[in-house]
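Asks:
Protein chains: 2
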Amino acid sequence: MKTLPVLPPICCGPEALPLPVEAREELAVRFKALADPTRVAIVNRLSAADEVCVCELNTAFELSQPTISHHLKILREAGLVDSTRRGTWAYYRLVPEAIESLRGALGG
Amino acid sequence: MKTLPVLPPICCGPEALPLPVEAREELAVRFKALADPTRVAIVNRLSAADEVCVCELNTAFELSQPTISHHLKILREAGLVDSTRRGTWAYYRLVPEAIESLRGALGG
DNA sequence: TCCTTTCATCGACGTTCTTCGATACAGCGA
DNA sequence: TCGCTGTATCGAAGAACGTCGATGAAAGGA
Numbered sequence: 001m002k003t004l005p006v007l008p009p010i011c012c013g014p015e016a017l018p019l020p021v022e023a024r025e026e027l028a029v030r031f032k033a034l035a036d037p038t039r040v041a042i043v044n045r046l047s048a049a050d051e052v053c054v055c056e057l058n059t060a061f062e063l064s065q066p067t068i069s070h071h072l073k074i075l076r077e078a079g080l081v082d083s084t085r086r087g088t089w090a091y092y093r094l095v096p097e098a099i100e101s102l103r104g105a106l107g108g
Numbered sequence: 109m110k111t112l113p114v115l116p117p118i119c120c121g122p123e124a125l126p127l128p129v130e131a132r133e134e135l136a137v138r139f140k141a142l143a144d145p146t147r148v149a150i151v152n153r154l155s156a157a158d159e160v161c162v163c164e165l166n167t168a169f170e171l172s173q174p175t176i177s178h179h180l181k182i183l184r185e186a187g188l189v190d191s192t193r194r195g196t197w198a199y200y201r202l203v204p205e206a207i208e209s210l211r212g213a214l215g216g
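If you're matching them up, the sequences are chains A and B in order. By this note's numbering, the letter at position 63 of the first sequence is numbered 63, and the numbering carries on one by one without gaps. Every position in the second sequence, counted from 1, becomes a number in this note's numbering once 108 is added.
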């Protein structure tokens, strides 16, 4: 279990401090994970349920199974999403704190 | 003056509706604008001041002037940033409502 | 044991992105 | 008018990305 690095706020207002280089990169990785329409849709779908079977995602999008798997990997590595395997099936769920921390990076 | 399209929430919780295709794409464009460390740093810098001269950005980063100009264009086209020209100099400022709407897309 | 199903990984292809030097353009001072 | 300075755009090179078919690995049923 990887711990989530703290995401300092990018903005807004005079209290926003200059970001160190690592923070810029970490934030860019997270935003990059959301920088694709399919991944936005996956996150949206995951947010509506407790967990979602990969098999369901595979039929929900008009993309090949390896492509969906690839997108899930990117979301996983960005920490936005989490998975469990039960028997043959894999289930993914959102990591709400990760979304929340991204939200926090956009100010508040 | 282009009006900002409304960004529906991606998440979180049961009230999150399935995103139409155009909304996925619009959101992906905005997140893509923040999917680069340099652009994150630019936004961060803009958020700390009312407006910033391009000349200042050019010296603040170890990147060529055309590269900075390119990143500013991407931020501009995503609606996150706004520019004015005064004489020879160009000044950029953040569009707080655009950031706020992105924040809103990450839930409330 | 063998076959089927589910998911992840690999390798490849075309597209998009980041970056740069060169160039164009506009404002200003001499 | 001429040259200088600050920005934007162009064109190209290399890296990263999205996508797929083929393959691999693990679980379950016959």
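Idealized CB from N, CA, C, for every residue including glycine.
With distances taken from CA atoms, which of B:P145, B:R132, B:A206 is nearest P37 of chain A?
Replies: On the first sequence, position 37 is the one that residue 37 of chain A refers to. The shortest Cα separation from P37 of chain A among B:P145, B:R132, B:A206 belongs to B:R132.
Asks: Could you check if H71 of chain A is buried or exposed, using at least 16 other CB atoms within 10 Å of its CB as the buried criterion?
Replies: Here residue 71 of chain A refers to the residue found at position 71 when the first sequence is read from its first residue. Buried.
Asks: Select from the region 150-174 of chain B all residues with a C-beta closer than 9 Å to any C-beta belonging to chain A, and list them in chain order.
Replies: Residues of the region 150-174 of chain B with a C-beta atom less than 9 Å from some C-beta of chain A are V151, N152, R153, L154, S155, A156, A157, listed in chain order.
Asks: Following the continuous beta strand (DSSP E) through T38 of chain A, name the residue where it begins and the one where it ends.
Replies: In the first sequence, the residue the question calls residue 38 of chain A occupies position 38. Counting along the chain, T38 of chain A falls outside any beta strand (DSSP E), though it belongs to the alpha helix (DSSP H) covering 37-47.
Asks: How would you write the range of the beta strand (DSSP E) that L242 of chain B sits in, first residue to last?
Replies: This structure gives no information on residue 242 of chain B, because the portion of chain B shown stretches from 109 to 216.
Asks: How close, in whole Å, do the beta carbons of L214 of chain B and L27 of chain A come, if the pair is a contact with beta carbons under 8 Å?
Replies: Stepping through the second sequence from its first residue, residue 214 of chain B is reached at position 106. Stepping through the first sequence from its first residue, residue 27 of chain A is reached at position 27. The Cβ separation is near 13 Å, so there is no contact.
Asks: On the DSSP bridge assignment, give the partners of R85 of chain A in chain order.
Replies: On the first sequence, residue 85 of chain A is found 85 positions in, with the first residue counted as 1. A:A90.
Asks: Please return the same chain residues whose Cβ sits closer than 6 Å to the Cβ of W197 of chain B, not counting the five positions on each side in sequence.
Replies: Walking along the second sequence from the start, residue 197 of chain B turns up at place 89. Answer for W197 of chain B: C161, listed in chain order.
Asks: So what does DSSP say about C119 of chain B, is it helix, strand or coil?
Replies: Within the second sequence, numbered from 1, the residue matching residue 119 of chain B stands at position 11. If DSSP states are grouped into helix, strand and coil, C119 of chain B belongs with coil.
Asks: Let's see if you can read the secondary structure: which residues bound the alpha helix (DSSP H) around L57 of chain A?
Replies: The count along the first sequence starts at 1 and reaches residue 57 of chain A at position 57. Start and end: 54-60.
Asks: Should S172 of chain B go down as buried or exposed, given a rule of 16 or more other Cβ atoms within 10 Å for buried?
Replies: Against the second sequence, residue 172 of chain B aligns to sequence position 64. Label assigned to S172 of chain B: exposed.
Asks: Reducing DSSP to helix, strand and coil, say where G212 of chain B ends up.
Replies: Taking the first residue of the second sequence as position 1, residue 212 of chain B is located at position 104. Residue state for G212 of chain B is assigned as helix, using DSSP reduced to three classes.
Asks: Could you name the residues of chain A that D144 of chain B contacts, counting a contact when the two beta carbons are closer than 7 Å?
Replies: Stepping through the second sequence from its first residue, residue 144 of chain B is reached at position 36. Those are A28, listed as they occur along chain A.
Asks: Looking at the structure shown, is E205 of chain B part of a helix, part of a strand, or coil, going by DSSP?
Replies: Residue 205 of chain B sits at position 97 when you count from the first residue of the second sequence. Helix, per DSSP.
Asks: Hey, is A203 of chain B's beta-carbon within less than 8 Å of any beta-carbon in chain A?
Replies: If you number the second sequence from 1, residue 203 of chain B lands on position 95. Per the sequence shown, residue 203 of chain B should be read as Val rather than Ala. Chain A, which has no Cβ nearer than 8 Å to the Cβ of V203 of chain B, makes this no.
Asks: Please report whether the beta-carbon of P18 of chain A lies at a distance below 8 Å from any beta-carbon of chain B.
Replies: As a first step, residue 18 of chain A must be located in the first sequence, where it is residue number 18. P18 of chain A has a beta carbon lying within less than 8 Å of a beta carbon in chain B.
Asks: Where L17 of chain A and R193 of chain B are concerned, what is the direct C-alpha to C-alpha distance, given to the nearest angstrom?
Replies: For the purposes of this step, residue 17 of chain A is taken as the residue at position 17 of the first sequence. For the purposes of this step, residue 193 of chain B is taken as the residue at position 85 of the second sequence. If I take the Cα positions, the gap works out to 27 Å.
Asks: For the pair the region 147-154 of chain B and the region 200-207 of chain B, tell me if three or more CB-CB distances fall below 8 Å.
Replies: Taking 8 Å as the limit for Cβ pairs, the verdict is that the region 200-207 of chain B does touch the region 147-154 of chain B.
Asks: Taking the C-alpha atoms as reference points, what is the distance between S83 of chain A and R76 of chain A?
Replies: To locate residue 83 of chain A, count along the first sequence from 1; it is residue 83. To locate residue 76 of chain A, count along the first sequence from 1; it is residue 76. Their backbone Cα atoms lie some 8 Å apart in a straight line.
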